[in-house]
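**Student:** Input: one structure, supplied below.
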Amino acid sequence: MSIAKKNEKEILERAHTTFSNALNTPKIRQLLELNGYHKSQIEEGLLISSETESLYNQFSAVREELKRLEELTKVRRCQLINYYNIHRESLTSFYENDGLLTRKLRLNKEMSSSHDDLLKEIESMYTTLRKNNFIKDQVREINIDDDALEQIQRVIDDLKEKQKLLLHLKDKAQGLFLVISDKQQLLLRKIEEIKLVAQGSLADTISS
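Residues in the sequence shown are numbered consecutively from 7, following our numbering.
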């Protein structure tokens, strides 16, 4: 999903030149009106051009915010996975002779390669550590205490919030992209329309 900046700039410049010349050059406007192309139609073209430029700016801002948030999400995810790997290794060693708790904490399972599935596994393990008082008391021996668990939960909550916002921004960017694409096509059609009305040398004058 991308809009080429060169193409974007060319369409806007072409539209602005075409409709500005048509509106502000009396001879051109008079000839257009004689051929049935009225001032209100020219102003409509300028309005669509202005709206399209505003949409481009919004799209660029959303795209930049997406990039920024994707980087922050990546950092948070790495931080969480690092915590998880350290704690999982400690827990695996701590419960190596306790098959029941090893299974309860899913320490006997392969780590998922999917980010979404891995996050669910991580959240499940830490939820068990926080809510099972028997396990919580035991794991204090390997420095997984209440403070550590609260810190991990904050990281999990923050990561989930960032992922939710990412989805929202992606939907917003997709919506803007579709509207811009429609506006671009409308602008191009109106430019061709005014050229057809103007004909020959008049068309060259408007677009020059």
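Glycine included, each C-beta is placed from N, C-alpha and C at the ideal position.
Would you report the Cα separation of E127 and V81, rounded to the nearest angstrom?
**Tutor:** Here the question's residue 127 lines up with position 121 in the sequence shown. Here the question's residue 81 lines up with position 75 in the sequence shown. So the two alpha carbons sit approximately 19 Å from each other.
**Student:** What is the DSSP secondary structure of S207, reduced to helix, strand or coil?
**Tutor:** As a first step, residue 207 is located in the sequence shown; it is residue number 201 there, counting from the start. Caution applies to S207, whose pLDDT of 46 falls short of 50 and renders its modelled position unreliable; the value that the coordinates give is listed next. Helix.
**Student:** Could you round the C-beta distance between V68 and K178 to whole angstroms and report it? I think they count as a contact, below 8 Å.
**Tutor:** The residue given as residue 68 occupies position 62 in the sequence shown. The residue given as residue 178 occupies position 172 in the sequence shown. Contact flag correct, Cβ pair sits at about 6 Å.
**Student:** Give the list of continuous alpha helix (DSSP H) stretches no shorter than 4 residues that lie fully inside the stretch 56 to 144.
**Tutor:** If we require 4 residues or more, the alpha helix (DSSP H) runs fully inside the stretch 56 to 144 come out as 105 to 110, 121 to 137.
**Student:** Counting Cβ pairs closer than 8 Å, one from the stretch 115 to 135 and one from the stretch 83 to 94, do we hit at least three?
**Tutor:** In short, these stretches touch, since the Cβ pair count reaches three.
**Student:** Less than 6 Å between C-beta atoms, sequence neighbours within five positions excluded: which residues of the same chain meet that for S207?
**Tutor:** Here residue 207 refers to the residue found at position 201 when the sequence shown is read from its first residue. For S207, the pLDDT reaches just 46, beneath the cut-off of 50, and the residue's location in the model is therefore unreliable, although a value from the coordinates is still provided. Counting only Cβ-Cβ distances below 6 Å, and skipping sequence neighbours, we find nothing.
**Student:** Can you give the Cα-Cα distance for N30 and E57, rounded to whole angstroms?
**Tutor:** Here residue 30 refers to the residue found at position 24 of the sequence shown. Here residue 57 refers to the residue found at position 51 of the sequence shown. Rounded to whole angstroms, N30 to E57 spans 20 Å at the Cα level.
**Student:** When you compare the CB positions of T79 and L172, do they come within less than 9 Å of one another, or not?
**Tutor:** Locating residue 79 in the sequence shown gives position 73, where the first residue counts as 1. Locating residue 172 in the sequence shown gives position 166, where the first residue counts as 1. Yes, they are a contact pair.
**Student:** So, under 8 Å CB-CB, K196 and G42 are touching, yes? Tell me the CB distance rounded to an integer number of Å.
**Tutor:** As a first step, residue 196 is located in the sequence shown; it is residue number 190 there, counting from the start. As a first step, residue 42 is located in the sequence shown; it is residue number 36 there, counting from the start. So it is not a contact: roughly 15 Å between Cβ atoms.
**Student:** What residue does the alpha helix (DSSP H) around R286 start on, and which one ends it?
**Tutor:** This structure cannot settle anything about residue 286, because the visible part of the chain is limited to 7 through 214.
**Student:** Cα separation between A209 and E167?
**Tutor:** Within the sequence shown, residue 209 is the residue found at index 203, counting from 1. Within the sequence shown, residue 167 is the residue found at index 161, counting from 1. Bear in mind that the predicted position of A209 carries a pLDDT of just 48, short of 50, making it too unreliable to give a figure here.
**Student:** Where does I150 fall in DSSP's three states?
**Tutor:** In the sequence shown, counting from the first residue as 1, residue 150 sits at position 144. Coil.
**Student:** Looking at the structure shown, is H174 part of a helix, part of a strand, or coil, going by DSSP?
**Tutor:** Position 168 of the sequence shown, counted from the first residue, corresponds to residue 174. Note: H174 maps to helix in three-state DSSP.
**Student:** Work out the CA separation of I158 and Y132 for me, nearest whole Å.
**Tutor:** Working through the sequence shown from its first residue, we reach residue 132 at position 126. Working through the sequence shown from its first residue, we reach residue 158 at position 152. Spanning the two alpha carbons is a distance of roughly 8 Å.
**Student:** Please tell me whether, using a cut-off of 8 Å, the distance from the CB of L111 to the nearest non-hydrogen atom of the ligand GDP is below it.
**Tutor:** Absent from the structure shown: the ligand GDP. Ligands present: none.
**Student:** Would you identify the three-state DSSP class for H22, choosing helix, strand or coil?
**Tutor:** The sequence position of residue 22 within the sequence shown is 16, counting from 1. In the structure shown, H22 sits in a helix (DSSP, three-state: H, G or I).
**Student:** Between L194 and I17, what straight-line distance do the alpha-carbon atoms span, to the nearest angstrom?
**Tutor:** Here the question's residue 194 lines up with position 188 in the sequence shown. Here the question's residue 17 lines up with position 11 in the sequence shown. Going by the C-alpha atoms only, they are around 8 Å apart.
**Student:** Tell me the rounded alpha-carbon separation between Q47 and L182.
**Tutor:** By 1-based counting over the sequence shown, the position of residue 47 is 41. By 1-based counting over the sequence shown, the position of residue 182 is 176. Their backbone Cα atoms lie some 25 Å apart in a straight line.
**Student:** In angstroms, rounded to a whole number, what distance separates the CA positions of S187 and H22?
**Tutor:** Reading the sequence shown from its first residue, position 181 is the one you call residue 187. Reading the sequence shown from its first residue, position 16 is the one you call residue 22. Going from the Cα of S187 to the Cα of H22 covers about 17 Å.
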